[in-house]
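Visitor: Protein chains in written order, with my numbering: chain A, 1111 to 1349; chain B, 1111 to 1349.
Glycine included, each C-beta is placed from N, C-alpha and C at the ideal position.
All figures in this text were calculated on a predicted structure; none of them were measured in a lab.
Below you'll find the structure I mean.
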């Protein structure tokens, strides 16, 4: 059933075409409309609940793509790759590729909020996935166009592991196995040489140091420490 | 296609019957066998990858059940309820209800590891969900028996919000909105009275105190602080 505003209906149909789907597809247009409505436009009828569903959908699609394409990949790498695939940065990038900002209804000061744009676009992208999932109760409207993106990204990440987000991967690992978060302790070298990596980060879990790393920024040092810890944990024997 | 060991095949068929599914269901038996094989039995052919898929499946089912049954529930409550539904405690409980420990192949010292049993059962439960999902590429083998569990649990949690895991919910919220984790600072009252709640926890985000709570244990005090913070954040206007 199409929605009551012919202009919005035509707009949504044009998005569905961009996704490579036929407009006669069993899309629930009211849900797609909701998925592209920011909370500033309506406090009660907006994309938040669909984003919640879509967040689970995007995690499932990334898990299946990894499962189908990398049967020999250690599950720790699955987690690390997925943390990139489902990151706001990647979801917002795909959102922009399909021009979602043209379809997203936003009101008030939020329209001028450039800083919030990335998370807004990522949220709307997830909400669109939620709407498409709930249109058919399966992934038939999603995988034909989302799989190729994820396959290519996963290949790129595996070729260039620097793109792994080790902090996110380590956190997911320690939470899954120990129900706690790793703790970072950073010190700054007091008299750094020019160009020196002047931050040293340690990552600790349960009063045990897991790894140490250096970097030019706190963030870089923490990522370096997380990488050491992540590999140490994932090459250990299972308890 | 059934698996090569008739005894194991009969065992798996008996589990499928317990789930209320017909044995002629399109179950991929090899996957179900893998889902019930602990890493101690085989380093390469075990439930780890299926658990990774199943983790996403269980999140999706819980999101859909909440979406379908509580259309007026704030999305913050969705997150709080889901963090209970997908917790090891609940998944292990359901695992036991279906007697999964009878089907799970475990080797070596892990069999005697009582402490690890809960997470082992939760992991195997997720892996079974992964195997059932991948058998049909949709939720048709899962929702008929999992939905009623989740509906009942969600109802119980909404009636008794003390069952919310506010620390988990708060963490999910701050990560989704600010990409950081809340920080807890706990002090112990130096000369506690008998029966007094002798720990005071504060929860901070971005150098701002979000809430404070007391408890007889550090954990209880942190949960109390998280609850205050969680409600404060979820009743605020969206930025």
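Is the separation between the beta-carbon of residue 1309 (chain A) and that of residue 1325 (chain A) shorter than 8 Å?
Guide: Yes; because the gap between Cβ atoms is below 8 Å, this pair is in contact.
Visitor: Measuring only between beta-carbons, confirm whether residue 1230 (chain A) sits less than 8 Å from chain B.
Guide: Taking Cβ atoms only, chain B never reaches closer than 8 Å to residue 1230 (chain A), which makes this a no.
Visitor: Is there at least one Cβ from chain B nearer than 8 Å to residue 1238 (chain A)'s Cβ?
Guide: It does not; no Cβ of chain B falls within 8 Å.
Visitor: Should residue 1159 (chain A) be flagged as near chain B, meaning a C-beta pair shorter than 8 Å?
Guide: For residue 1159 (chain A), the answer is yes, since a Cβ of chain B falls inside 8 Å of its Cβ.
Visitor: Could you list which residues in chain B have their beta carbon closer than 8 Å to that of residue 1248 (chain A), in chain order?
Guide: 1247, 1248 and 1249, listed in chain order.
Visitor: Tell me where the alpha helix (DSSP H) around residue 1164 (chain A) begins and ends.
Guide: Segment 1158-1179, the alpha helix (DSSP H) holding residue 1164 (chain A).
Visitor: Tell me which same chain residues have a C-beta within less than 7 Å of the C-beta of residue 1298 (chain B), skipping the five on either side of it?
Guide: Once the five neighbours on either side are set aside, the close Cβ partners of residue 1298 (chain B) are 1308 and 1309.
Visitor: Pick helix, strand or coil for residue 1343 (chain A), following the three-state DSSP scheme.
Guide: It is helical.
Visitor: In the region 1162-1177 of chain B, which residues sit with their C-beta less than 7 Å from some C-beta in chain C, listed in chain order?
Guide: The chain inventory of the structure shown lacks chain C, comprising the protein chains A and B.
Visitor: Suppose the cutoff is 8 Å on Cβ atoms and the five residues either side in sequence are ignored; what does the same chain contact list for residue 1279 (chain B) look like?
Guide: Same-chain partners within the cutoff: 1186, 1189, 1190, 1193, 1336 and 1340.
Visitor: Shortest alpha-carbon distance to residue 1182 (chain B) belongs to which of B:1327, B:1268, B:1313 and B:1294?
Guide: Among B:1327, B:1268, B:1313 and B:1294, the Cα nearest to that of residue 1182 (chain B) belongs to B:1268.
Visitor: If you reduce the DSSP assignment to three classes, tell me which class residue 1118 (chain A) lands in.
Guide: Helix at residue 1118 (chain A).
Visitor: Buried or exposed: where does residue 1238 (chain A) fall if 16 or more other Cβ atoms within 10 Å of its Cβ makes it buried?
Guide: Residue 1238 (chain A) should be labelled buried.
Visitor: Do the region 1220-1236 of chain A and the region 1160-1175 of chain A meet, that is, are 3 or more Cβ pairs less than 8 Å apart?
Guide: A contact exists between the region 1220-1236 of chain A and the region 1160-1175 of chain A.
Visitor: Mind pulling the chain A residues with CB within less than 9 Å of residue 1291 (chain B)?
Guide: Within chain A, the residues near residue 1291 (chain B) are 1281 and 1291.
Visitor: Output the boundary residues of the beta strand (DSSP E) element that contains residue 1220 (chain B).
Guide: Here residue 1220 (chain B) belongs to no beta strand (DSSP E), and DSSP marks it neither H nor E.
Visitor: Are residue 1240 (chain A) and residue 1145 (chain A) closer than 8 Å when you measure CB to CB?
Guide: Yes, Cβ-Cβ distance for residue 1240 (chain A) and residue 1145 (chain A) is below 8 Å.
Visitor: Excluding the 5 residues flanking residue 1348 (chain A) on each side, which residues of the same chain have their C-beta closer than 8 Å to its C-beta?
Guide: Confidence in residue 1348 (chain A) is poor, its pLDDT being 36 and thus under 50, which makes the residue's placement unreliable; the coordinate value appears in the next sentence. Hits under 8 Å: none found.
Visitor: Are the Cβ atoms of residue 1220 (chain A) and residue 1147 (chain A) separated by less than 8 Å?
Guide: No, the pair does not count as a contact, with Cβ atoms beyond the cut-off.
Visitor: Only counting runs of 4 or more residues, tell me where the alpha helix (DSSP H) segments fall wholly within the region 1242-1273 of chain B, in order along the chain.
Guide: Counting only runs of 4 or more, we get 1253-1269.
Visitor: Just to confirm, is the Cβ distance from residue 1171 (chain A) to residue 1253 (chain A) under 8 Å?
Guide: For residue 1171 (chain A) and residue 1253 (chain A), yes; Cβs fall inside 8 Å.
Visitor: Over what stretch of residues does the alpha helix (DSSP H) that includes residue 1135 (chain A) continue unbroken?
Guide: Segment: none, residue 1135 (chain A) is in no alpha helix (DSSP H) and carries neither H nor E.
Visitor: Could you tell me the boundaries of the beta strand (DSSP E) in which residue 1294 (chain B) lies?
Guide: Run containing residue 1294 (chain B): 1293-1298, per the beta strand (DSSP E) assignment.
Visitor: Which term fits residue 1153 (chain B), buried or exposed, when burial requires 16 or more other beta carbons within 10 angstroms of its beta carbon?
Guide: Exposed is the call here.
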